[in-house]
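Those letters in the sequence shown? Residues 1 to 248, per UniProt numbering, in order. Note that CB positions come from ideal geometry on N, CA and C, so glycine has one too. Remember, predicted model here, so these are calculated numbers, not experimental data.
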Amino acid sequence: MRFAAIADIHCNCAALQAVLDDIATLGIRDIVNLGDCFSGPLEADRTGDLLLLLDMAATHTVRGNHDRYLLETPPANMGRSDSHAYHQLSPRHIEWLRKLPVSMVFRDEVFLCHATPRHDDVYLLETVSTDGRVFLKSQEEIEVLASGVEQPLILCGHSHIPRAIQLSDGRLIVNPGSVGCPAYSDEEPVPHKVETGNALASYAILEKTERGWAPQFRTVAYDHMAMSRLAAENGRAEWASALASGRV
1 MRFAAIADIH
11 CNCAALQAVL
21 DDIATLGIRD
31 IVNLGDCFSG
41 PLEADRTGDL
51 LLLLDMAATH
61 TVRGNHDRYL
71 LETPPANMGR
81 SDSHAYHQLS
91 PRHIEWLRKL
101 PVSMVFRDEV
111 FLCHATPRHD
121 DVYLLETVST
131 DGRVFLKSQE
141 EIEVLASGVE
151 QPLILCGHSH
161 IPRAIQLSDG
171 RLIVNPGSVG
181 CPAYSDEEPV
191 PHKVETGNAL
201 ASYAILEKTE
211 RGWAPQFRTV
221 AYDHMAMSRL
231 AAENGRAEWA
241 SALASGRV
């Protein structure tokens, strides 16, 4: 079995198209999408159109926390990134979001979720210190959050950090990184930044071998400066910096 995993597109249609083109060159047809498709000062409408086309092919998508916010939050109360996306999306995009599950099992062996199996807004693999440092959770903390999942491979997104973590029972957890948002700042649980330090689109290939699951992390170059300029034009300097450099 061999398939691609994408996550955290955040309205970056240019990055998504570059990743899909790269996947196609590898001859891979099956793609799983771990959510946060929208939210950002970019191109939600074009991203939505592309995702709806993918959904008619071999793509399996779960809903992210920002996808949920678009469904549950009154437009007047939305954050700036969610609001920008919401006002670009059409009813067919919203209806597609409504139908997405919060988690799913892919081909009996792979558990898909956006963040943790039970919460879409909690880091599965990372923790944030009281002074805003982001670092790897302890093995024990991760195993508690992954309890109850029987599949040998667990895929998550949310933190935008590519990682592969082996649990004591042999299960593997993989975060493919972010397709469209290489850096961001957040206020929860305390103010902190996540920075990859590059402007590349990130995803992963997962292959089942005789020795178990083997992830291959891939990064793809695209016209990130066009997206950086678009973010700046939309009044989002922090997004412009993130898209240009992978830092905020």
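Straight through space, the alpha carbons of Ser202 and Val149 are spaced by roughly 26 Å. Here DSSP, grouped into helix, strand and coil, assigns Asn77 to helix. One alpha carbon belongs to Ala85, the other to Leu155, and they sit about 25 Å apart.
In the structure shown, Glu43 falls within a coil segment according to DSSP collapsed to helix, strand and coil. According to DSSP, residue pairing for Pro215 in a beta bridge involves Leu206.
In the structure shown, the three-state DSSP call for His160 is coil. The C-alpha of Trp213 lies about 19 Å from the C-alpha of Ala7. About 16 Å separates the beta carbon of Asn175 from that of Gly246, a gap too long to meet the 8 Å contact definition. Inter-residue distance for Val194 and Lys208 is about 30 Å (C-alpha atoms, whole angstroms). Remark: three or more beta-carbon pairs, one from each stretch, lie closer than 8 Å, so the stretch 32–51 and the stretch 64–82 are flagged as touching. Taking 8 Å as the upper bound for CB-CB distance, His10 and Asn65 are not in contact here, some 12 Å apart. Under the criterion of beta carbons closer than 8 Å, Asn33 and Met227 do not qualify as touching, at roughly 19 Å.
DSSP places Thr25 inside the alpha helix (DSSP H), whose first and last residues are Cys13 to Thr25.
Linking Gly157 to Gly35 through their CA atoms gives a straight-line distance of about 7 Å.
Annotation: the continuous alpha helix (DSSP H) that includes Ile142 extends over Gln139 to Leu145. Counting every other CB atom within 10 Å of its CB across the protein chains shown gives Gly180 a total of 16 or more, marking it as buried. Judged by pairs of C-beta atoms under 8 Å, the stretch 133–144 touches the stretch 159–172, as three or more such pairs exist. Cβ-Cβ separation between Tyr184 and Val110: approximately 26 Å, too far for a contact (criterion under 8 Å). If you draw a straight line from the Cα of Ser103 to the Cα of Ile173, it is about 15 Å long. Annotation: Leu153 is outside any alpha helix (DSSP H); the continuous beta strand (DSSP E) that includes it extends over Leu153 to Leu155. DSSP places Asp67 inside the alpha helix (DSSP H), whose first and last residues are Asn65 to Glu72. Tyr86 sits in a helix when the DSSP states are folded into three classes. Sorting Asn234, Gln139 and Leu112 by C-alpha distance to the C-alpha of Phe3 places Leu112 at the top. For Asp186, the pairing in a beta bridge is given by DSSP as His192.
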